[in-house]
Every structure is written in structure tokens, then in C-alpha cells.
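Reviewing the structure listed below.
Number of protein chains: 2
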Amino acid sequence: MAKHRQLHLGAFMRPAAIHTGAWRYPGADPHANFSLEQMRRSIRRLEEAKFDAFFMADHLALLNMPIAALMRSHTVTSFEPFTLLSALSAVTERIGLIATASTTFDAPYHIAKRFASLDHLSGGRAGWNVVTTANPDAALNFGYESQMDHDDRYERAREFVEVVTGLWDSFADDAFVRDTESGVFVDPARIHAISHKGPSLKVQGPLNIARPPQGWPVIVQAGASPAGRQLAAETAEVIFGAPPTIEAARSFNADVRSRMAAIGRAPDTLRYLPGAFVVVADSMNEALERRATLDSLVHYDSGIGSLNSMLGFDVSDHDPDGPLPEIPETEAGRSQRERMVNLAREKGLTIRELARAAGSYSGFAFVGTATSIADEMQEWLETEASDGFNVMFPWIPGGLDEVIDKLVPELQRRGLFRREYEGRTLREHLGLPRPSNRFFPPEHEVLTRTSSV
Amino acid sequence: MAKHRQLHLGAFMRPAAIHTGAWRYPGADPHANFSLEQMRRSIRRLEEAKFDAFFMADHLALLNMPIAALMRSHTVTSFEPFTLLSALSAVTERIGLIATASTTFDAPYHIAKRFASLDHLSGGRAGWNVVTTANPDAALNFGYESQMDHDDRYERAREFVEVVTGLWDSFADDAFVRDTESGVFVDPARIHAISHKGPSLKVQGPLNIARPPQGWPVIVQAGASPAGRQLAAETAEVIFGAPPTIEAARSFNADVRSRMAAIGRAPDTLRYLPGAFVVVADSMNEALERRATLDSLVHYDSGIGSLNSMLGFDVSDHDPDGPLPEIPETEAGRSQRERMVNLAREKGLTIRELARAAGSYSGFAFVGTATSIADEMQEWLETEASDGFNVMFPWIPGGLDEVIDKLVPELQRRGLFRREYEGRTLREHLGLPRPSNRFFPPEHEVLTRTSSV
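Heads up: the sequence lines are chains A and B, in that order.
UniProt numbering puts the first residue of the first sequence at 1, with every later residue one more than the last.
UniProt numbering puts the first residue of the second sequence at 1, with every later residue one more than the last.
Dropping the structure here:
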């Protein structure tokens with residue numbers, strides 16, 4: 001159980017630096033998000049630091065933001081996850097490789113095959129971040145007039161995961177005989193076709209690739225809605241979310257684990273690793289200044305565009321240094337609108353200040369020294385708020401280097417993070433069990449091996 | 001024009017060794033088709049030999065063959081092309097990387113994005129082998145009850161290529177400003193959304209990745225039917241086919257080029273590189289013996305399964321050493337059935353001999369010494385039968401090594417093949433022009449640059 005007392009750390013790398021101002025930060029590489037050289041350097045440094053995984057998100061459209069924000073965003077061009085992670089698998093040996101793939105706009109046969117292939121190529125280091133793709137612009141790129149509704153997306157996602165894991169189980173782990181004497185390459189009795197016919201998907205099988213080294217690549221999810229939590233409780237092995245506070249994380253973590261218990265899943269088979277923006281410096285003042293510098297690099301036009309989008313109402317014509325006007329009720333994005341309206345009311349922020357908050361990174365952040373951040377992370381771990389974090393870097397390369405050079409050694413000194421990889425696969429790093437094959441369970445394998453002696 | 005007097009050589013690597021008996025050949029690696037180590041070694045050797053490209057085909061189902069053949073096939077597990085080629089891009093610098101992707105069972109947004117990403121990661125070395133996927137088993141893996149019919153597949157393919165190339169042109173080559181001072185990352189006037197609404201596809205765009213270094217990855221096709229030839233004449237830059245003889249190749253080559261002329265395409269923008277199985281040895285006898293050994297390694301059960309499948313009629317119950325019985329007309333695979341019936345009639349082959357022919361590799365082959373094969377290849381080039389070949393290896397690693405160590409130096413000695421790469425991209429190796437951006441033609445680019453000074 002020692003594993004549970006240690007943090008797991010993923011690196012969230014799309015965008016390579018999450019903050020909207022990152023590419024303009026002094027010393028930052030403005031090309032970092034789309035530079036193979038920076039990606040290669042980053043993953044090698046993360047592997048030196050013994051991170052669990054390198055996490056490459058994906059989008060199936062230009063991000064749905066106003067032109068004024070889009071033209072100032074370094075995320076507008078990015079590598080595709082499977083191609084990038086496969087290339088990076090060739091220059092690393094241990095670090096996990098997690099790719100986002102959509103259950104709404106892709107086919108389970110493709111997804112099963114690509115992850116299986118990445119898992120084989122990397123020696124068991126692949127993970128699948130299962131997303132249902134909320135961006136309505138994505139639907140327009142895949143032949144639909146409008147986005148499938150939320151609950152339908154989650155229904156399809158559940159069936160999709162079932163089909164993909166079934167396809168991964170097409171071959172028994174010992175199906176390949178490769179007997180040059182007899183000429184038998186594979187035992188056909190050790191191949192299974194799922195012949196799936198469900199409400200959303202029809203897939204015959206079998207998959208045309210051997211079972212992945214990990215059995216199944218690690219299943220990752222981020223769903224926060226009730227449907228998302230339920231799907232995660234049923235299928236996720238890693239949850240990547242965005243809780244605003246430690247209390248929210250603790251309550252989310254408890255909720256998902258109670259949902260797991262309710263369906264008979266061992267709570268120990270889940271790692272909860274929320275996203276955390278980390279700005280570390282030698283003094284608290286310096287860290288706060290860095291964050292302030294980053295925020296100041298978000299252009300007003302970009303911020304106001306994001307603010308309008310969050311409010312569902314155009315405030316561009318109002319005095320930037322005046323208060324927020326009365327915002328009428330609109331259909332879209334209620335929680336985002338309320339967050340902004342409350343900020344304006346409670347802290348008395350001007351439109352300019354609100355635009356800055358809306359346009360920069362507004363998720364959970366650790367800003368401080370190695371000691372102060374290690375204290376906070378330790379509290380998260382010890383009070384069961386999370387099992388670790390998916391770290392987001394403020395800029396590349398310097399912001400990543402400081403996490404590795406300052407924070408990680410402090411976590412290691414406290415015994416909160418590994419100094420060496422103990423295993424070879426992503427499952428082993430995370431302390432997760434290897435799933436048995438549903439069509440060729442272990443007993444059967446033993447029986448077959450015995451009978452063929 | 002010196003380029004035209006030289007051969008272009010691709011390596012067809014799925015299966016890594018094409019012959020059904022390859023994995024059983026003395027000294028062969030029976031795991032080669034699914035061994036990253038062998039794939040890495042192979043591509044490095046091919047790059048040393050200055051091959052134009054490494055070609056990774058794909059299948060979207062277990063090959064549709066009888067169980068007796070499938071259980072003896074080393075192709076039953078293979079890597080997925082995008083993941084494999086991306087991994088190999090990281091360990092090579094010059095050789096082209098061609099992947100098969102289906103226009104029937106994938107979405108243009110995915111295909112455009114993955115090839116663009118592979119092209120960026122490899123520095124302009126990607127090529128797309130456009131296939132419509134004839135295997136009816138594939139349809140069952142993608143939610144369909146039966147395969148889309150041939151002409152509908154080709155109609156969709158034409159539209160699909162149009163959409164994908166349009167998506168590649170989403171960003172002007174100079175769209176990315178990355179001005180840290182002003183905060184402008186990309187010029188929104190240099191982004192185009194195709195807003196395509198056609199009979200088979202609806203795609204909004206823009207693509208969320210910068211234009212590929214090659215403008216467009218090289219378009220490769222293999223269609224042999226009239227619809228396939230027409231699509232190739234309209235869109236292909238490399239044709240990979242399987243002509244049975246030099247005469248058939250010459251006539252195919254002339255036909256496609258006349259179709260190109262008819263629609264106003266310059267015939268010089270096409271490279272015809274048919275598949276060729278190459279067995280090279282120090283003497284003709286040795287080469288013939290190797291071929292015979294390979295053929296002898298095809299198990300009778302595998303061969304008879306393939307023969308039954310080609311005949312559309314089960315001859316398993318007949319005497320293997322007797323003649324082929326009368327074969328009734330059936331619906332499926334007329335040309336394959338006739339080929340087997342004619343072989344039986346004209347050469348008086350027994351069922352066992354026919355099964356061997358059906359079950360081994362039955363396409364065009366060069367079998368001989370470096371000198372005899374170089375003579376033949378030179379004839380193909382000089383009589384305009386082809387611009388080179390996609391070489392298929394008899395076994396891995398030895399069969400590949402012999403092509404590289406024996407045949408390639410002889411071709412180089414004759415000035416028929418390069419000794420060094422002259423360019424960096426696949427287009428440059430093939431002597432193909434870089435396509436201009438249809439939405440941002442060169443004149444316009446000059447104008448914009450001038451006006452923004």
C-alpha cells in the first residue's frame with residue numbers, strides 16, 4: 001500500500017504551456033506548442049524527473065473562441081496525439097503516453113487499433129483519455145448539423161468503451177504460436193470476434209492486432225457532470241478533472257469512489273489526478289510576480305472576447321475601467337456566466353479585470369515556493385483530495401524546468417514522489433492491475449497450456 | 001530531366017515480407033511483421049540504400065481468408081500505419097513514409113490532420129495511399145451490414161481527396177505571425193474554412209494544424225479498375241499497382257497518362273511504381289531455388305483454402321494429385337477463378353500445384369542475379385513500363401539485405417539509382433512539385449506581404 005502514500009504526476013502537454021500568455025513570456029519559446037524539438041526536450045526532462053505520464057489532449061476543430069482570442073492563441077496549431085506520442089515513444093523508455101480520442105467522432109475499430117499499436121510500440125505505456133467532445137464546431141467537421149446531446153454522447157461513450165475493450169481482447173495473450181515447423185502462426189481457437197450489436201454501434205471483430213502488452217491501455221476520463229462521473233465510476237482508471245478548490249476535489253473524489261463501491265468496483269483501482277497549474281519560484285513574491293506577468297500578457301482584445309463568450313453578452317462597448325452592466329439571462333453557459341457575474345459583484349472587478357480573468361488560465365493553481373507547494377500537495381494527498389496531479393506548465397521551457405528542478409526534488413526528499421521508476425508500463429507506474437481477457441480468462445489459459453503439454 | 005532516367009524505389013512493408021511462406025524461411029525472423037526492432041532495422045537499412053519511401057499498407061479487418069489460411073499467416077497481427085510510421089520518423093531523417101488510409105471507413109478531418117501531423121513530425125516525408133477498402137469484412141467492423149458498392153466508393157473517394165487537400169490548405173504557408181510584441185499569433189485573414197457540402201461529405205473546416213511542409217503529403221493510389229484509373233489520373237502522384245507483365249504495365253502507364261492529358265494534367269507529375277517481388281542471389285539457380293523453397297513453405301491446407309476461395313468452389317474433397325474438376329460459374333471473383341482454371345488447363349497443374357500457386361505470392365516477380373534483375377528493371381524504365389518499383393521482400397531480414405547489398409549497388413553503378421538523397425522531402429525524392437495553396441495562391445501571398453510591410 002506504500003504506493004498510496006505517494007503522488008502520481010502527469011504532465012498535461014496540449015497546450016504545452018496552458019496559460020494564454022505563455023508564448024509571450026520572457027524567455028519562452030513562442031513555437032513550443034508546435035515544436036517537435038521542444039516536445040522531445042520536454043518529455044525527456046519529464047522522464048528524468050520520473051513523471052508517470054505525458055498527456056496529449058486533442059481538439060477536433062479550431063477551439064470555439066472569438067476571432068480576437070483565436071488570433072492570439074498559441075494553441076491554434078498543434079500536433080495530432082497519436083502521431084506525436086508515437087514519435088516520442090521512440091525517444092523515451094519509461095514515461096506513460098496518454099492520448100485523447102473521441103467516442104463521438106471516431107470509430108471503435110480505429111481507436112482500439114491505434115491504442116493497441118501505440119501500446120505495442122511503446123512497450124506498454126499507452127493510455128486513452130476518453131472524451132465525448134463537447135465543442136459544437138467539431139460536429140460541423142464530421143458531417144453533422146449540430147452536436148449530439150450530452151446524455152446521448154455519454155450513452156454512446158459507455159457502449160464505445162465496452163466495444164474497444166472487447167476488441168483489445170480479440171486475441172488471447174498466448175494466441176501466437178509462430179511454430180515454423182508445423183507452419184501454425186496463430187491458434188484460431190484463441191481468437192474471439194465480439195459481434196457487437198448495440199444501440200449506437202455495430203462492430204463484428206476481431207481486431208487485427210495482438211492484445212496490448214498492458215492488456216488494455218489505461219482508461220482516463222475527465223467527466224464532471226453526473227453522467228460523466230457515473231461513466232468514470234464504471235470505467236475510468238485515471239480521472240483528470242478541474243476542481244476549483246481542495247474541498248471540491250475531496251467531495252468529487254469521495255463521490256466517484258462511492259459510485260464505484262455501489263457497482264462493486266474496488267476503489268483502489270482508480271487514480272484521481274486533477275489538473276493543476278504550477279508556478280514555482282525561489283520566493284512567494286517572485287512566484288506571484290510571475291503569475292502577474294503571465295496574466296498581463298493576455299491581450300485585452302483576447303480577454304474581452306473570452307469574457308463576452310462566457311457572459312453570452314457583448315460588453316465591448318462599455319467602459320473597460322467601469323463596472324459590469326446588468327447581464328440578462330441567456331441560454332448558453334450558465335455556470336460560466338454566473339462565475340463572472342459573481343466575481344464582478346463580490347470583488348468589485350472592472351470589465352478590464354474581468355476580461356483578464358476570463359482570458360488567462362482560470363483553473364486551479366499552485367503558486368509559490370517548492371516548500372509551500374509541496375506542503376499543499378501533501379495536504380491534497382493526505383486528506384484524500386487526490387492521488388496526485390496533472391501538472392500544467394506556465395511556459396516552455398523555463399516553467400517546466402523549474403517544476404522539475406525545484407518542486408520534484410522537494411517532493412522526492414519528503415518521500416512523496418518516486419526517485420526511480422519501479423515498473424516498465426504505465427499501469428505499473430500507476431499501481432493499477434492488468435485486466436484479464438474477458439474471453440480468455442486466466443483459468444482457461446492455464447487449462448489450455450496444461451492440455452497442450 | 002535527369003530524374004526521369006533514374007528509378008524510384010519504394011519498399012512495401014506490410015507485410016514486411018510479402019510471401020506467405022516468408023516467416024518459415026530458414027534464417028527469417030518469424031516475428032518480423034510485428035517486431036519494432038525488425039521494422040527499425042529495416043527502415044534504417046532502406047535509408048542507407050537511399051530508397052524513396054517505406055510503404056505501410058493497412059487492413060480494417062483480419063484478412064478475409066479461410067481459417068486454414070489465416071492461422072498460417074504472419075500478417076494476422078500488424079502495427080497500425082500512423083503509429084508505426086511516426087515512431088520510425090524519429091529514427092530516420094530522409095526516407096519517405098507512406099501510410100494507407102481508407103476513404104470509405106474514415107473521416108476526412110481525421111485523415112487530413114494525421115497526415116499533416118506526420119508530415120510536420122517527419123519534416124515533409126509523408127505520403128497517403130488512398131484506398132477505398134474492398135474487403136467486405138471491413139464494413140462489418142464499421143457498423144455497416146454490407147460493403148458500399150464499387151462505384152459509390154470511388155465517388156466518395158474523389159470527394160474525400162478534394163476535402164482533405166482543401167483542409168490541408170486551411171492555413172496559408174505564412175499564416176503564423178507569432179509576434180510576441182503585439183501578441184498576434186496567427187493572421188485570421190490567412191485562415192480559410194472550406195465549408196464543404198457534397199453528396200457524400202459535409203465538412204466545415206478549418207483544420208486545426210498548420211499547412212504540411214510539403215503543402216500536401218504525396219497522394220498515392222493503386223486502383224486498377226476504370227474508376228480507379230480515372231481517380232488516379234485526376235489525383236494520384238504515385239501509382240502503386242500490380243501488373244502481371246511488363247506489357248501490361250506499359251499499357252496501364254500509357255492509359256493513365258492519356259487520361260491525365262485528357263483532363264489537362266501534366267504527365268510528368270505522376271510516378272508509376274508497380275509492386276515487384278524481388279528474389280536476388282549470386283546465381284540464377286540459387287535464386288530459383290530460393291523461390292522454390294519459399295513456395296514449398298506454404299502449407300497445403302493454407303493453399304487449398306486460398307484456392308477454394310479463388311475458385312468460389314470447394315475442391316478439398318478431390319485428389320490433391322489429380323486434375324482440377326469442372327468448376328461451375330459462380331457470382332464472386334470471376335477474374336481470379338478464370339486465372340486458376342486457365343493455369344490448370346494450359347499448364348496441366350494438379351490441385352496440389354494450383355493450391356501452391358494460389359497460396360504463395362502470385363504477383364509479378366523478379367527472380368535472378370543482380371545483373372539479370374538490373375537488366376530487367378532498366379528495360380522497364382527505358383520502355384516506359386514504369387518509373388521504378390515498390391519492392392516486396394521475400395523474407396526479413398536476409399531477403400531485404402540481399403536487395404540492398406546486391407541489387408542496389410548494381411543499379412547505382414549503372415546510374416539508374418541515386419547514391420545520395422538530393423532533397424529532404426518525399427516530394428523532392430520523387431521529383432514532384434509542391435502544390436500551391438488553392439485559397440492563398442502565390443500572387444496573393446506576395447501582395448499580402450507587401451501590403452503588411
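All residues carry an ideal CB built from backbone N, CA and C; glycine is no exception.
Item	Value
Going along the chain, which residues of the region 385 to 399 of chain A sit with their C-beta nearer than 7 Å to a C-beta in chain B?	none
If we call anything under 7 Å between Cβ atoms a contact, is asparagine 437 of chain B one with aspartate 255 of chain B?	no
Between which residues of its own chain and histidine 196 of chain A is the CB-CB distance below 6 Å, once the five residues before and five after are set aside?	Val163 and Val203
Please confirm if isoleucine 209 of chain B has its CB atom under 7 Å from at least one CB of chain A.	yes
What is the DSSP secondary structure of phenylalanine 82 of chain B, reduced to helix, strand or coil?	helix
Assuming valine 367 of chain A and alanine 49 of chain A form a contact by the criterion Cβ under 8 Å, report the distance between their Cβ atoms to the nearest whole angstrom.	Not really, about 20 Å apart at Cβ, beyond 8 Å.
Taking the beta strand (DSSP E) that alanine 193 of chain B falls in, what are its first and last residues?	No beta strand (DSSP E) contains alanine 193 of chain B, which DSSP labels as neither H nor E.
Hey, proline 30 of chain B and arginine 257 of chain A: beta-carbon distance below 7 Å or not?	no
Quick one, which of B:Ser200, B:Gly431 and B:Val130 has its alpha-carbon nearest aspartate 58 of chain B's?	B:Val130
In chain order, what are the residue ranges of uninterrupted beta strand (DSSP E) at least 3 long that sit wholly in the region 201 to 289 of chain B?	218 to 221 and 275 to 280
Under DSSP, the beta strand (DSSP E) around leucine 97 of chain A begins and ends at which residues?	96 to 102
Roughly how far, in whole angstroms, is the beta-carbon of leucine 121 of chain A from the beta-carbon of phenylalanine 82 of chain A, given that I think they are within contact range, below 8 Å?	About 10 Å; that fails the 8 Å criterion.
Identify whether alanine 49 of chain A lies in helix, strand or coil by the three-state DSSP scheme.	coil
With C-beta atoms as the reference, is arginine 337 of chain B less than 7 Å away from glycine 312 of chain B?	yes
For the alpha helix (DSSP H) that tryptophan 380 of chain A lies in, which residues bound it at each end?	370 to 382
Which same chain residues, not among the five before or five after leucine 307 of chain A, have their C-beta less than 6 Å away from its C-beta?	Leu354, Ala355 and Ala358
Please determine, among A:Glu234, A:Leu400 and A:Pro212, the residue with the shortest C-alpha to C-alpha distance to histidine 19 of chain A.	A:Leu400
Comparing C-alpha positions only, which one of A:Ala126, A:Ala249 and A:Arg190 sits nearest to glutamate 384 of chain A?	A:Ala249
Serine 451 of chain B CB to nearest chain A CB: under 7 Å?	With a pLDDT of only 33 at serine 451 of chain B, under 50, the local geometry of the prediction cannot be trusted, and the value read off the model is given with reservation. Closer than 7 Å: no.
Please determine if the region 403 to 417 of chain B and the region 267 to 281 of chain B are in contact, where contact requires at least 3 C-beta pairs separated by less than 8 Å.	yes
Any residues in the region 75 to 88 of chain A with a beta carbon nearer than 7 Å to a beta carbon of chain B? Which ones, in chain order?	Val76, Thr77, Ser78, Phe79, Glu80, Phe82, Thr83, Leu84, Ser86 and Ala87
From A:Thr180, A:Thr132, A:Arg424 and A:Asp149, pick the residue whose C-alpha is nearest to that of alanine 222 of chain A; which is it?	A:Thr132
Of all Cβ atoms in chain A, is any one closer than 7 Å to the Cβ of alanine 294 of chain B?	Sequence check: residue 294 of chain B is leucine here, not alanine. No, because no Cβ of chain A sits closer than 7 Å to the Cβ of leucine 294 of chain B.
Span of the alpha helix (DSSP H) holding valine 298 of chain A?	That residue, valine 298 of chain A, is in no alpha helix (DSSP H); it is neither H nor E in DSSP.
Using the Cα positions of histidine 4 of chain A and leucine 297 of chain A, report the straight-line distance between them to the nearest angstrom.	At histidine 4 of chain A, the pLDDT of 49 sits below 50, so the modelled position is not reliable; the number obtained from the coordinates is stated separately. Answer to the nearest angstrom: the Cα atoms are 39 Å apart.
So which residues on chain A does alanine 157 of chain B lean against when the C-beta distance must stay under 8 Å?	Within 8 Å Cβ-Cβ: nothing; alanine 157 of chain B doesn't reach chain A, min ~16 Å.
On the criterion of 16 or more Cβ atoms from any shown chain inside 10 Å, does aspartate 394 of chain B qualify as buried, or is it exposed?	Going by the sequence as given, residue 394 of chain B is proline instead of aspartate. By the neighbour-count rule (16 or more Cβ atoms within 10 Å), proline 394 of chain B is buried.
Kindly indicate which residue of A:Glu155, A:Pro323 and A:Ala107 has the alpha-carbon position closest to the one of proline 226 of chain A.	A:Glu155
Compute the beta-carbon to beta-carbon distance between serine 372 of chain B and methionine 284 of chain B, rounded to the nearest angstrom, for a pair I have assumed lies under 8 Å.	7 Å
Taking the beta carbon of glutamate 329 of chain B as the centre, do at least 16 other beta carbons fall within 10 Å, making it buried, or is it exposed?	exposed
What would DSSP say about histidine 8 of chain A, mapped onto helix, strand or coil?	strand
Is it the case that the Cβ atoms of glycine 241 of chain B and leucine 9 of chain B are separated by a distance below 7 Å?	no
Taking 8 Å as the cut-off, does the region 61 to 70 of chain B touch the region 21 to 36 of chain B (at least 3 CB pairs, one atom from each stretch)?	no
Kindly say whether leucine 426 of chain B, judged by its beta-carbon, lies nearer than 7 Å to any beta-carbon of chain A.	no
Under three-state DSSP, which class holds threonine 133 of chain B?	coil
Could you give the DSSP three-state label for aspartate 119 of chain B: helix, strand or coil?	helix
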